[in-house]
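**Q** Structure in structure tokens, see below.
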Amino acid sequence: MDRRYSSAVDNYIFAQRDDVKLTLEVLRDIIFETVKAVEESIKWNCPFYCKDGLLCYINYEKKTKKVILGFVEGASINDKYKLFSDDTAHIKKVYFEAAEKIPVAKVKYYLREAMAINKVKSKNFMSIRKK
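Structure (structure tokens):
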């Protein structure tokens, strides 16, 4: 399995308290399992995942004391399982309590939707550049 973990993301995760660390690690593993050849890096002080553009990010939000899985093109994703918060217009977030059991199949659905959106946007961008 091709997993290219970023040492900067390792450091970010390992700096969190144990229950938060566990949730971040589970989300990270789900992302790597679902998104083949995903690129992981720190952007805007949290772990971001890129495939055909910015895909999603994970973060611990101190204000709410919750772990976030944020989707950059979330407004374009069908919120089939009604997990998205409405606190932002474009980026959509799923909030998890630290050490909460993650609904893996639902998270994978959202990741696949985000990948499909990025793929279309990437193809459209490339066709515009060729003109």
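Quick note on the working numbering: the sequence shown kicks off at 39 and runs consecutively. We put the beta carbon where it would ideally sit given N, CA and C, even for glycine.
#1: With a Cβ-Cβ cutoff of 8 Å, do K146 and T61 count as a contact?
#2: From I129 to C84, what distance separates their C-alpha atoms?
#3: With a threshold of 16 other CB atoms inside 10 Å of the CB of Y98, please say whether the residue is buried or exposed.
#4: Relative to the C-alpha of E135, which candidate in L107, Y87, Y43, K74 has its C-alpha closest?
#5: Can you give me the start and stop residues for the beta strand (DSSP E) that I51 sits inside?
#6: In the DSSP assignment, find the unbroken alpha helix (DSSP H) run with K104 in it and report its ends.
#7: Assuming F70 is part of the alpha helix (DSSP H), what are its boundary residues?
#8: Given a threshold of 16 other Cβ atoms within 10 Å of its Cβ, counted over all protein chains shown, does A127 qualify as buried or as exposed?
#9: Could you give the DSSP three-state label for K144: helix, strand or coil?
#10: Quick one, are the C-beta atoms of I80 and V47 less than 8 Å apart?
**A** Based on what the coordinates show:
#1: The residue you call residue 146 lines up with position 108 of the sequence shown. The residue you call residue 61 lines up with position 23 of the sequence shown. Not in contact: K146 and T61 (Cβ atoms no closer than 8 Å).
#2: Along the sequence shown, read from residue 1 onward, the residue named residue 129 stands at position 91. Along the sequence shown, read from residue 1 onward, the residue named residue 84 stands at position 46. Each residue's Cα considered, the two are about 15 Å apart.
#3: Taking the first residue of the sequence shown as 1, we reach residue 98 at position 60. When all chains shown are included, Y98 counts as buried.
#4: Here residue 135 is taken as the residue at index 97 of the sequence shown, counted from 1. The candidate whose alpha carbon is nearest that of E135 is L107.
#5: One-based indexing of the sequence shown puts residue 51 at position 13. I51 -> not in any beta strand (DSSP E); alpha helix (DSSP H) instead, spanning 45-52.
#6: Along the sequence shown, read from residue 1 onward, the residue named residue 104 stands at position 66. Premise fails: K104 lies in the beta strand (DSSP E), 104-109, not in any alpha helix (DSSP H).
#7: In the sequence shown, residue 70 corresponds to position 32, counting from 1. F70 -> alpha helix (DSSP H) spans 56-72.
#8: The sequence position of residue 127 within the sequence shown is 89, counting from 1. That one is exposed.
#9: Start at 1 with the first residue of the sequence shown, and residue 144 comes out as number 106. It is helical.
#10: Indexing the sequence shown from 1 puts residue 80 at position 42. Indexing the sequence shown from 1 puts residue 47 at position 9. Result yes, Cβ atoms of I80 and V47 sit closer than 8 Å.
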